[in-house]
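Colleague: Sharing a structure below in structure tokens format, with a few things to ask.
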Amino acid sequence: MSIATSSNAPAPGGTDEVPMVQLLTPEGTRVDDPEYGKYLDDVDDAKLRDFYRQMVLVRRVDNEGTALQRQGQLGLWAPVLGQEATQIGTGLAARPQDYIFPTYREHGVAMMRGVPPETLLGMFRGVSHGGWDPTENNFHLYTIVIASQTLHAVGYAMGVQRDGAVGTGDPDRDTAVMAFFGDGATSQGDMNEALVFAASYNAPVLFLCQNNQWAISEPLSRQTRIPLYRRGEGFGVPGVRVDGNDVLAVYAVTQANLERVRAGEGPRLVESFTYRMGAHTTADDPTKYRTAADVEVWRRRDPIDRLRILLETDGIADKEFFTAVDDEADELAARVRSACVNMPDPDPTSMFEHAYNGPHSLVDEEKAWMTDYLESFASEGEVD
Amino acid sequence: MEKLAIAKALTAGMRKAMDDDAKVVLMGEDIGPLGGVFRVTEGLQKDFGPDRVIDTPLAESGIVGTAIGLSLRGYRPVVEIQFDGFVFPAYDQIVTQLAKMANRSMGTVKVPVVLRIPYGGGLGSPEHHSESPEALFSHVAGLRIISPSNANDAYWMIQQAIQDDDPVIVFEPKRRYWAKGDVDLEQPPCDMHAARVVKPGSDVTLLAYGPLVQTSLDAAAAAEQDGVNIEVLDLRSLSPLDMPTIAESVKRTGRLVITHEAPVFSGLGGEIAARVTEQCFYHLEAPVLRVGGFHLPYPPSRLEDHYLPDLDRILDGVDRAMAY
Chain A
1 MSIATSSNAP
11 APGGTDEVPM
21 VQLLTPEGTR
31 VDDPEYGKYL
41 DDVDDAKLRD
51 FYRQMVLVRR
61 VDNEGTALQR
71 QGQLGLWAPV
81 LGQEATQIGT
91 GLAARPQDYI
101 FPTYREHGVA
111 MMRGVPPETL
121 LGMFRGVSHG
131 GWDPTENNFH
141 LYTIVIASQT
151 LHAVGYAMGV
161 QRDGAVGTGD
171 PDRDTAVMAF
181 FGDGATSQGD
191 MNEALVFAAS
201 YNAPVLFLCQ
211 NNQWAISEPL
221 SRQTRIPLYR
231 RGEGFGVPGV
241 RVDGNDVLAV
251 YAVTQANLER
261 VRAGEGPRLV
271 ESFTYRMGAH
281 TTADDPTKYR
291 TAADVEVWRR
301 RDPIDRLRIL
311 LETDGIADKE
321 FFTAVDDEAD
331 ELAARVRSAC
341 VNMPDPDPTS
351 MFEHAYNGPH
361 SLVDEEKAWM
371 TDYLESFASE
381 GEVD
Chain B
1 MEKLAIAKAL
11 TAGMRKAMDD
21 DAKVVLMGED
31 IGPLGGVFRV
41 TEGLQKDFGP
51 DRVIDTPLAE
61 SGIVGTAIGL
71 SLRGYRPVVE
81 IQFDGFVFPA
91 YDQIVTQLAK
101 MANRSMGTVK
111 VPVVLRIPYG
121 GGLGSPEHHS
131 ESPEALFSHV
141 AGLRIISPSN
151 ANDAYWMIQQ
161 AIQDDDPVIV
171 FEPKRRYWAK
181 GDVDLEQPPC
191 DMHAARVVKP
201 GSDVTLLAYG
211 PLVQTSLDAA
221 AAAEQDGVNI
231 EVLDLRSLSP
241 LDMPTIAESV
251 KRTGRLVITH
261 EAPVFSGLGG
271 EIAARVTEQC
281 FYHLEAPVLR
291 VGGFHLPYPP
301 SRLEDHYLPD
311 LDRILDGVDR
321 AMAY
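Chains as they are written, first to last, in UniProt numbering: chain A, 1 to 384; chain B, 1 to 324.
The following block contains the structure:
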């Protein structure tokens, strides 16, 4: 007899019965939307081609990351395969002054924010815990502990408020903060506290949930009994679900919501409904927890394929364009690979440099010891 | 020079910091109109407004996490954790984020967050209101940890903590909040990471911090009558430790007794004892001894007088050191 303590039934909203914003069908057909359609006014043919190009580049870097891990060049890699539309759509919707708090899977958003992909790989190779200056392009460092960064985003947004950089009507000044997180993170206390703080202070923050259906091996039904876009409702944070494999919809919905956040209307939540085609990280084996049939359903919703169909059928891009994009992706991959395998290990004493911003007697003492210790080998060598 | 209670010296120190720097904001539960449960922030919201003295939801992880975010935007948040035992819901944010952010960013960002934690026993409070968790935080690289023991230090050390670009935890001896002392409003006593000899002596060094500094001074006065000359050292900084000052004192007296309210096992005293043994071995006349709390959860308040090191327990430690 089984004990009815848990439900293994699919989570409500775990399938497609919940309406979501879609502007491009999996078959490559444009859809009109009275609310969000206008946010595509600036998307001309050139921009459509660029959306495609960016998604292909991200996918190529991502595949390279997986390959480099398999070859022992990276300690770990977190694949983003299948989520390219969300990454590019959100990344391109943000303005330079918007500050973004990622998790550890936002490789595409990082690239849109000017973080070189080889720098991202450095983190997974183990030469740094980040390696980029987050203030340079307003893209924070990856956060590995689930949902921690949602609170940082709210606090940062409270700072934006105090700086008077919200609701002024000046498009170059008004600032939104974006917090990325996954479906698993919605179960964390920090996520829920972030929603409380954001709503309570009316903080200019957009919660961007990338629902990729799996938290390592735990399915969505282990995180929620309601569709995640509604998770904010009880806190007073309105939400919307968007087809996360539709780059046009993600771009439009993110823009629309960022606009309202920047205008001072308070926090909002966007659930990007997508799917992680690969493993959670290269350390797990998804065949142990999901079926090939499930994956196949999502393969037919591939974000790159559907945009390619549109570009081809509407005559927006020709064969030369696609060849050129593939060539560019190959060149990028080769550059990233070469940068990765040639990346030197950091100097051993560099680990003492940044534990504190100011001098710290204990760290200084231990650094001096380590320096002497390492030099003792060098002088032994000289004697020999 | 002004005579202030420790709590009021902290208030005055924060007021000065807020006057000097508009980026300093206070955050915490009940710190606005109420002025905090210990009234340390009394009057500050009235004078600086609710955007700078921020009453928060009752969520410690949320308070510390949002403080980190504010600091990333260039603010200098000073967070009040209502009681020592309530810090644990925020432990993750403190340890995995606050302590590591500078290192993670290779120094490109600063998180100058100050956490004020009223700590220690002796008030007759219920569970979770009397703990001394300082060793748990001292073990974590990236944090600076201080504990003032008197009003003058309270006034200056809170300002030094706020000015520091690293995260600082200020453990405030809550049972001494109402103890008054002279505060020199012109001249800071010394750097917040310096230890200080508060009473010179020749026979044994008695090292304490926070709430037990006064008890140690009382013990020194009592021992004087028995002809034992105790040097009392106020540690002031728990991370980093001012080892030169400690070693100098121990080399002078040849004996060291360390006292803290926290459990002795795996406590800060053990770290200091190990370092003193390393640096002062040939000067020691006796093993380094520790007088502290037991390896127990903090007991119900009717038993706390038996749990806490008092004057007699400290004198017993001194006697044991002198017996060698």
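In this text, a Cβ means the ideal position worked out from N, Cα and C, and glycines have one as well.
Quick caveat: nothing in here was measured; it's all calculated off a predicted structure.
#1: Looking only at its chain, what residues have a beta carbon closer than 8 Å to the beta carbon of A/R70, apart from the 5 residues adjacent to it on each side?
#2: Taking 8 Å as the threshold, find out whether the region 198–205 of chain A comes into contact with the region 117–130 of chain A through three or more Cβ pairs.
#3: Taking Cβ-Cβ distances shorter than 7 Å, what residues in chain B pair up with A/N202?
#4: Which residue comes first and which comes last in the alpha helix (DSSP H) that contains A/K47?
#5: Find the residues of chain B that neighbour A/M178, judging by a C-beta separation of less than 8 Å, and give them in chain order.
#6: How would you list, in chain order, the residues of chain B whose beta-carbon sits under 9 Å from the beta-carbon of A/D133?
#7: Could you work out which residue in A/I88, A/I216, A/A94 is closest to A/I304 when comparing CA atoms only?
#8: Using a beta-carbon distance below 8 Å, is A/R162 in contact with chain B?
#9: Assuming the contact rule is C-beta atoms closer than 8 Å, B/P167 and B/V111 should be a hit. Round their C-beta distance to whole Å, please.
#10: Answer yes or no: do A/E84 and A/A339 have a C-beta to C-beta separation smaller than 8 Å?
#11: Measure from the C-beta of A/D384 to each C-beta in chain B and report whether the shortest distance is under 8 Å.
#12: Under the three-state reduction of DSSP, which class applies to A/G184: helix, strand or coil?
#13: Please report the distance separating the alpha-carbon of B/A135 from that of A/A153.
#14: Between A/V21 and A/D33, is the Cβ-Cβ spacing less than 8 Å?
#15: Quick one: give me the first and last residue of the alpha helix (DSSP H) that B/C280 is part of.
#16: For B/P57, return the contacting residues in chain A, with the cut-off set at a CB-CB distance below 8 Å.
#17: Whose C-beta lies closer than 6 Å to the C-beta of B/F48 among residues of the same chain, with five residues either side of it excluded?
#18: At which residue ranges does the region 119–192 of chain A contain complete alpha helix (DSSP H) runs of 4 or more residues, listed in the order of the chain?
#19: Using three-state DSSP, classify A/A279 as helix, strand or coil.
#20: Which of the residues in the region 326–359 of chain A, read from start to end, lie with their CB under 8 Å from any CB of chain B?
#21: Out of curiosity, what's the CA-to-CA distance linking B/P211 and B/S237?
#22: What does A/V145 reach in chain B if we use C-beta pairs closer than 8 Å?
#23: Would you mind giving the Cβ-Cβ distance between A/G155 and B/G201, rounded to the nearest angstrom? I have them listed as a contact below 8 Å.
#24: Between B/G270 and chain A, is there a C-beta pair that is closer than 8 Å?
#25: How close, in whole Å, do the beta carbons of residue 411 of chain A and B/G62 come, if the pair is a contact with beta carbons under 8 Å?
#26: Take the Cβ of A/A349 as the centre, count every other Cβ of all protein chains shown within 10 Å, and call the residue buried at 16 or more, exposed below.
#27: Is it buried or exposed for A/W132, if we count other Cβ within 10 angstroms and need 16 for buried?
#28: Applying a beta-carbon distance threshold of less than 9 Å, which residues of chain B neighbour A/Y373?
#29: Would you mind giving the Cβ-Cβ distance between A/R105 and A/G91, rounded to the nearest angstrom? I have them listed as a contact below 8 Å.
#30: So, is the C-beta of A/S128 closer than 8 Å to a C-beta in chain B?
#31: Looking at chain A, which residues of the region 64–85 of chain B have a Cβ within less than 9 Å of any of its Cβ atoms?
#32: Determine the DSSP secondary structure at A/K367, reduced to helix, strand or coil.
#33: Over the uninterrupted beta strand (DSSP E) stretch that includes residue 325 of chain B, give me the two end residues.
#34: Distance cutoff 8 Å, beta carbons only. Does A/A153 sit that close to anything in chain B?
#35: Assign A/A368 to one of two classes, buried (16 or more other C-beta atoms within 10 Å of its C-beta) or exposed (fewer than that).
#36: Is A/C340 helix, strand or coil by DSSP?
Modeller: Straight from the coordinates:
#1: Against the first sequence, residue 70 of chain A aligns to sequence position 70. The residues are T282.
#2: no
#3: For the purposes of this step, residue 202 of chain A is taken as residue 202 along the first sequence, with counting starting at 1. Within 7 Å Cβ-Cβ: nothing; A/N202 doesn't reach chain B, min ~12 Å.
#4: What you label residue 47 of chain A is simply residue 47 of the first sequence in a count that begins at 1. Start and end: 45–70.
#5: Counting from 1 along the first sequence, the entry for residue 178 of chain A is found at position 178. Here the premise fails: no neighbours, minimum Cβ distance about 13 Å.
#6: Numbered from 1 along the first sequence, position 133 holds the residue referred to as residue 133 of chain A. Simply S105, M106, T108, V109.
#7: Taking the first sequence and counting its residues from 1, one reaches residue 304 of chain A at position 304. Of A/I88, A/I216, A/A94, the residue nearest in Cα terms is A/I88.
#8: The sequence position of residue 162 of chain A within the first sequence is 162, counting from 1. It does; some Cβ of chain B falls within 8 Å.
#9: As a working note, residue 167 of chain B is residue 167 in the second sequence. As a working note, residue 111 of chain B is residue 111 in the second sequence. Yes, B/P167 and B/V111 are in contact; Cβ-Cβ is about 6 Å, under 8 Å.
#10: Counted from its first residue, the first sequence places residue 84 of chain A at position 84. Counted from its first residue, the first sequence places residue 339 of chain A at position 339. Not in contact: A/E84 and A/A339 (Cβ atoms no closer than 8 Å).
#11: Within the first sequence, the letter at position 384 stands for residue 384 of chain A. Here the model assigns A/D384 a pLDDT of 49, short of 50, so the residue's position is not dependable and the matter cannot be decided.
#12: The residue you call residue 184 of chain A lines up with position 184 of the first sequence. Note: A/G184 maps to helix in three-state DSSP.
#13: Locating residue 135 of chain B in the second sequence gives position 135, counting from the first residue. Locating residue 153 of chain A in the first sequence gives position 153, counting from the first residue. So the alpha carbons of these two residues sit roughly 30 Å apart.
#14: Residue numbering aside, residue 21 of chain A sits at position 21 when the first sequence is read from its first letter. Residue numbering aside, residue 33 of chain A sits at position 33 when the first sequence is read from its first letter. For A/V21 and A/D33, yes; Cβs fall inside 8 Å.
#15: Counting from 1 along the second sequence, the entry for residue 280 of chain B is found at position 280. Per DSSP, B/C280 belongs to the alpha helix (DSSP H) from 268–280.
#16: Sequence index remark: in the second sequence, residue 57 of chain B carries index 57 (1-based). Neighbours of B/P57 on chain A, chain order: E193, V196, F197, S200.
#17: Your numbering for residue 48 of chain B matches position 48 in the second sequence. Within the same chain, B/F48 has close Cβ partners M18.
#18: 148–162
#19: Against the first sequence, residue 279 of chain A aligns to sequence position 279. A/A279: coil per DSSP, three-state reduction.
#20: E353, H354, A355, Y356, N357, G358
#21: Counting from one through the second sequence, the residue named residue 211 of chain B turns up at place 211. Counting from one through the second sequence, the residue named residue 237 of chain B turns up at place 237. Distance between the alpha carbons of B/P211 and B/S237 is about 13 Å.
#22: In the first sequence, the residue the question calls residue 145 of chain A occupies position 145. In chain order: D92, T96, Q97.
#23: Taking the first residue of the first sequence as position 1, residue 155 of chain A is located at position 155. Taking the first residue of the second sequence as position 1, residue 201 of chain B is located at position 201. Between B/G201 and A/G155 the Cβ distance is about 47 Å, and since that is not below 8 Å, they are no contact.
#24: Taking the first residue of the second sequence as 1, we reach residue 270 of chain B at position 270. It does not; no Cβ of chain A falls within 8 Å.
#25: Because chain A is modelled from 1 through 384, residue 411 of chain A falls outside the range shown and cannot be assessed.
#26: By one-based count along the first sequence, residue 349 of chain A stands at place 349. One point to set straight first is that residue 349 of chain A is Thr, not Ala, in the sequence displayed. So A/T349 ends up on the exposed side.
#27: Position 132 of the first sequence holds residue 132 of chain A. With 16 or more other Cβ atoms within 10 Å, it is buried.
#28: The residue given as residue 373 of chain A occupies position 373 in the first sequence. Simply none; closest approach about 16 Å.
#29: Your numbering for residue 105 of chain A matches position 105 in the first sequence. Your numbering for residue 91 of chain A matches position 91 in the first sequence. A/R105 to A/G91, Cβ: 13 Å. No contact.
#30: The residue labelled residue 128 of chain A in the question sits at position 128 within the first sequence. Closer than 8 Å: yes.
#31: V64, G65, T66, A67, I68, G69, L70, S71, L72, R73, G74, Y75, P77
#32: What you label residue 367 of chain A is simply residue 367 of the first sequence in a count that begins at 1. Residue state, collapsed to three classes: helix.
#33: Nothing in the structure corresponds to residue 325 of chain B, since chain B is present only between 1 and 324.
#34: Your numbering for residue 153 of chain A matches position 153 in the first sequence. Yes, A/A153 counts as interfacial toward chain B.
#35: Within the first sequence, residue 368 of chain A is the residue found at index 368, counting from 1. A/A368 is exposed by the Cβ-count criterion.
#36: Locating residue 340 of chain A in the first sequence gives position 340, counting from the first residue. Helix at A/C340.
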